[in-house]
Amino acid sequence: MGKFREYPWLQSSLYSYLLLGITDTVHHLHAAKSLGHSTAMHAVWTGVVLIPVALLSAYGFVVYRRKVLLWVFMSIALLAVILPGIYHGGWDHLMKILAHLRLEGEGTDIRSLFPPEDKNLWFYEVTGTAEFLISLIALYFLSRLFTSSRVQT
72 MGKFREYPWL QSSLYSYLLL GITDTVHHLH AAKSLGHSTA MHAVWTGVVL
122 IPVALLSAYG FVVYRRKVLL WVFMSIALLA VILPGIYHGG WDHLMKILAH
172 LRLEGEGTDI RSLFPPEDKN LWFYEVTGTA EFLISLIALY FLSRLFTSSR
222 VQT
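Numbering (my numbering), first residue to last: 72 to 224.
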């Protein structure tokens with residue numbers, strides 16, 4: 072891992088992507104197993120496949136200096152930022168929480184999202200919102216990696 076020090080934006084991008092990917096995988100595994108959302112398993116299997124591919128492609132770029140491996144990593148990481156991060160975390164979770172706080176009515180009571188007796192729903196909403204916040208950090212590092220002169224040569 073010492074070779075990653077030559078590429079600080081790659082290292083930061085990798086760490087933030089791994090945090091996002093693992094958070095998304097745990098979030099969907101919890102949704103499938105604890106909340107009974109059987110359709111959430113697609114994201115779990117996607118994470119199980121793509122996280123090692125992204126990790127190996129970033130490592131392969133550092134070792135073999137093949138640009139295609141860097142592009143594979145950046146593509147996977149960018150897709151993770153857009154789909155589970157901004158779309159799922161931002162739209163499905165953060166916007167839902169904000170709407171419940173803003174709109175008044177029986178159907179938009181914030182206790183329906185965060186019931187005091189059900190910690191599983193708390194975990195579900197908090198990790199979903201965390202995906203959005205982590206995706207913003209990952210997007211910053213990916214943008215710096217993309218414009219970095221160190222990986223352009």
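All C-beta atoms in this analysis are idealised placements derived from N, C-alpha and C, irrespective of residue type, glycine included.
Subject >> Separation of residue 89 from residue 153, as counted between CA atoms >> reply: Approximately 15 Å, taken between the alpha carbons.
**Request:** Tell me whether residue 188 is buried or exposed, calling it buried when 16 or more other Cβ atoms sit within 10 Å of its Cβ.
**Result:** Exposed is the label assigned to residue 188, since fewer than 16 other Cβ atoms lie within 10 Å of its Cβ.
If you pair each beta-carbon of the segment 125 to 135 with each one of the segment 165 to 183, do three or more pairs fall below 8 Å?
-> The segment 125 to 135, when compared against the segment 165 to 183, does not touch it at the 8 Å Cβ threshold.
Residue of 206, 149, 117 minimising C-alpha distance to residue 165 = Selected option, being the one with the closest Cα: 206.
Helix, strand or coil: how does DSSP classify residue 171 here?
Residue 171 carries a helical assignment under DSSP once its states are collapsed to helix, strand and coil.
| field | Option in 92, 84, 80, 98 with minimal Cα separation from residue 163 | value | When only C-alpha atoms are compared, the closest one is 98.
Quick check on this structure: which residue in 94, 176, 81, 143 has the alpha carbon closest to the alpha carbon of residue 124? Proximity to residue 124 across 94, 176, 81, 143 peaks at 143, based on C-alpha coordinates.
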